[in-house]
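The structure under discussion appears below in the form of structure tokens.
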Amino acid sequence: MNTMRTAAVIIFQLIWFVPLGQAQLSEGETIAHLWNEEVLEGIRNDFARPTVHARNLLHTSIAMFDIWTAYDEG
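For any residue, its number in my numbering is found by taking its place in the sequence shown, counting from 1, and adding 1.
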């Protein structure tokens, strides 16, 4: 893995995992579910912009996949 990608993954983890890691997950919930709920809450509080919201959901999903891939490779 290149240095730039490693740095990006670490920064992203610090920004997202530390605050969300403090949340208590009930049985059957995952951190991915919690992230998606946070994004959906932001969508509910914003104006109706379907294209923008779809892109934001995609970016969150891709970020979770990339972080899991980086974690799983080791």
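Each residue gets a CB set at the ideal place from its N, CA and C atoms; glycine is no exception.
#1: I need the boundaries of the alpha helix (DSSP H) containing residue 30, first residue and last residue.
#2: By how many angstroms is the C-alpha of residue 41 removed from the C-alpha of residue 50?
#3: DSSP three-state call for residue 47: helix, strand or coil?
Reading off the structure:
#1: Sequence index remark: in the sequence shown, residue 30 carries index 29 (1-based). In this chain, residue 30 is not harboured by any alpha helix (DSSP H), its DSSP state being neither H nor E.
#2: The residue labelled residue 50 in the question sits at position 49 within the sequence shown. The residue labelled residue 41 in the question sits at position 40 within the sequence shown. One alpha carbon belongs to residue 50, the other to residue 41, and they sit about 13 Å apart.
#3: For this step, residue 47 is matched to residue 46 along the sequence shown. Looking at residue 47 - three-state DSSP - the assignment turns out to be coil, as it is neither helix nor strand.
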